[in-house]
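Let me begin by presenting the structure, written as structure tokens, before commenting on it.
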Amino acid sequence: MEITFLGTSSAVPSTKRNHPSIALKAFGEIMLFDCGESTQRQLAYAKISPMKISKIFISHFHGDHILGLPGLIQSMGFRGREEPLDIYGPKGLNSLKNAILNLGYCLIEFPINFHEIDTGTVLETDEYLINCIKTKHNVTNLAYSIEEVKKPRFLRKKAIELGVPVGPLFGKLHKGEEVEVNGKTINPEDVLGNPRDGKKISYSGDTTPCVEMIEIAKNSDILIHESTYILEDQDKAIQNAHSTSHDAASIAKEAGVDKLILTHISTRYTDDELLLKQAKEVFNNSYLANDFMKVEL
Numbered sequence: 012m013e014i015t016f017l018g019t020s021s022a023v024p025s026t027k028r029n030h031p032s033i034a035l036k037a038f039g040e041i042m043l044f045d046c047g048e049s050t051q052r053q054l055a056y057a058k059i060s061p062m063k064i065s066k067i068f069i070s071h072f073h074g075d076h077i078l079g080l081p082g083l084i085q086s087m088g089f090r091g092r093e094e095p096l097d098i099y100g101p102k103g104l105n106s107l108k109n110a111i112l113n114l115g116y117c118l119i120e121f122p123i124n125f126h127e128i129d130t131g132t133v134l135e136t137d138e139y140l141i142n143c144i145k146t147k148h149n150v151t152n153l154a155y156s157i158e159e160v161k162k163p164r165f166l167r168k169k170a171i172e173l174g175v176p177v178g179p180l181f182g183k184l185h186k187g188e189e190v191e192v193n194g195k196t197i198n199p200e201d202v203l204g205n206p207r208d209g210k211k212i213s214y215s216g217d218t219t220p221c222v223e224m225i226e227i228a229k230n231s232d233i234l235i236h237e238s239t240y241i242l243e244d245q246d247k248a249i250q251n252a253h254s255t256s257h258d259a260a261s262i263a264k265e266a267g268v269d270k271l272i273l274t275h276i277s278t279r280y281t282d283d284e285l286l287l288k289q290a291k292e293v294f295n296n297s298y299l300a301n302d303f304m305k306v307e308l
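The opening position of the sequence shown corresponds to residue 12 in this note's numbering, with each subsequent residue numbered one higher.
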């Protein structure tokens, strides 16, 4: 699993920080979380092909999180994309569909599936589980968690003791299928250990600190949390329904995460290291995201 921060600014971009977007390479896919203006150019700099993006998850409909969508989709069409693209977001996404697809003159001939989602499970495959939850912002915002599904450990020695020959039957049992050996049925639970926890990443979108964020981030390996303000601007954070880095660190601590990465940084601060300093005072394993920073799990 590899995370690439394509944009780490808040509402206004700067020469160092673009509008919000995060690319996740995992499970043989590339998924995008939010798509601010100029995301497709950031993808080019990061050497990530937009043609390989399978899914886009939108946290909310403020412009800094969605205005890169029309250009990105049109470029995909121009380059001859044929594979379907799935876009997920809060209720209201379908009302934006025509605006996204019909801005300017363009030809889009590949399938695009728009999915309006609410709190709960968004996707569940054999390899991963994606959940979302509504948090507290001045518009509907969805925070997401992406969790790797780990198969139980295969007890090879136990399987051999039960007479299962080394080979394809091992794979069937590991997939949860029963097999027959010399007229005897061997069940998967006979040769599988306890379930294992996979890696988990959580992303806040824009939010003021809330219990919902603690809930979805619980036990994450990485929490990516907005950190628009320093502690001295707490009143602005409350007024605009955002978080300070101190708030983000408190969420990380309460949720029992392993690592906190701060993003959505306001351009008002020439010294953004203060954001990191204030977070570390609460949660030491905190890091400040920058455009094109990569994190591997």
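Don't be surprised by glycine CBs; every beta carbon is placed ideally from N, CA and C.
Since the structure is predicted, the reported quantities are computational estimates derived from the model, not experimental observations.
{"Item": "Which word fits residue 51, buried or exposed, when buried means at least 16 other C-beta atoms lie within 10 angstroms of its C-beta?", "Value": "buried"}
{"Item": "If you count every other CB in all the chains shown that lies within 10 Å of the CB of residue 190, and 16 or more means buried, which is it?", "Value": "buried"}
{"Item": "Given a threshold of 16 other Cβ atoms within 10 Å of its Cβ, counted over all protein chains shown, does residue 188 qualify as buried or as exposed?", "Value": "exposed"}
{"Item": "On the DSSP letters alone, give me the boundaries of the alpha helix (DSSP H) that residue 86 sits inside.", "Value": "80-89"}
{"Item": "Give me, in chain order, the residues of the same chain whose beta-carbon lies closer than 6 angstroms to that of residue 137; leave out the 5 immediate sequence neighbours on both sides.", "Value": "none"}
{"Item": "Would you mind sorting residue 309 into buried or exposed? The rule is 16 or more other CB atoms within 10 Å of its CB.", "Value": "Any question about residue 309 goes unanswered here, given that the chain covers just 12 to 308."}
{"Item": "Using the Cβ count rule (16 or more neighbours within 10 Å means buried), how would you classify residue 176?", "Value": "exposed"}
{"Item": "Using the Cβ count rule (16 or more neighbours within 10 Å means buried), how would you classify residue 60?", "Value": "exposed"}
{"Item": "Return the first residue and the last residue of the alpha helix (DSSP H) that residue 252 is part of.", "Value": "Neither: residue 252 is in no alpha helix (DSSP H) and is coded neither H nor E."}
{"Item": "In the structure shown, what three-state DSSP assignment does residue 113 receive?", "Value": "coil"}
{"Item": "Could you name each continuous beta strand (DSSP E) segment of 3 residues or more that falls completely within the stretch 193-241, going from the start of the chain to the end?", "Value": "195-197, 207-214 and 233-237"}
{"Item": "Just grab the DSSP bridge partners of residue 32 for me.", "Value": "18"}
{"Item": "Beta strand (DSSP E) containing residue 141: first to last residue?", "Value": "139-145"}
{"Item": "Does the stretch 146-157 come into contact with the stretch 207-220, if we say contact requires no fewer than three beta-carbon pairs (one atom in each stretch) closer than 8 angstroms?", "Value": "yes"}
{"Item": "Three Cβ pairs or more, each shorter than 8 angstroms: is that satisfied between the stretch 277-296 and the stretch 236-245?", "Value": "yes"}
{"Item": "Alpha carbon to alpha carbon, how far is residue 94 from residue 122?", "Value": "7 angstroms"}
{"Item": "Tell me the residue span of the beta strand (DSSP E) that contains residue 299.", "Value": "297-299"}
{"Item": "Taking the beta strand (DSSP E) that residue 97 belongs to, which residues open and close that run?", "Value": "96-100"}
{"Item": "If you count every other CB in all the chains shown that lies within 10 Å of the CB of residue 66, and 16 or more means buried, which is it?", "Value": "buried"}
{"Item": "Just how far apart, CA to CA, sit residue 110 and residue 64?", "Value": "21 angstroms"}
{"Item": "Among 211, 270 and 186, which has the Cα closest to the Cα of residue 166?", "Value": "186"}
{"Item": "Can you check DSSP and say which residues form a bridge with residue 9?", "Value": "No answer is possible for residue 9: the residues shown for the chain start at 12 and end at 308."}
{"Item": "Assuming residue 88 and residue 117 make a contact with CB atoms under 8 angstroms, what is their CB distance in whole Å?", "Value": "6 angstroms"}
{"Item": "For residue 186, report the span of its beta strand (DSSP E) as first-last.", "Value": "Segment: none, residue 186 is in no beta strand (DSSP E) and carries neither H nor E."}
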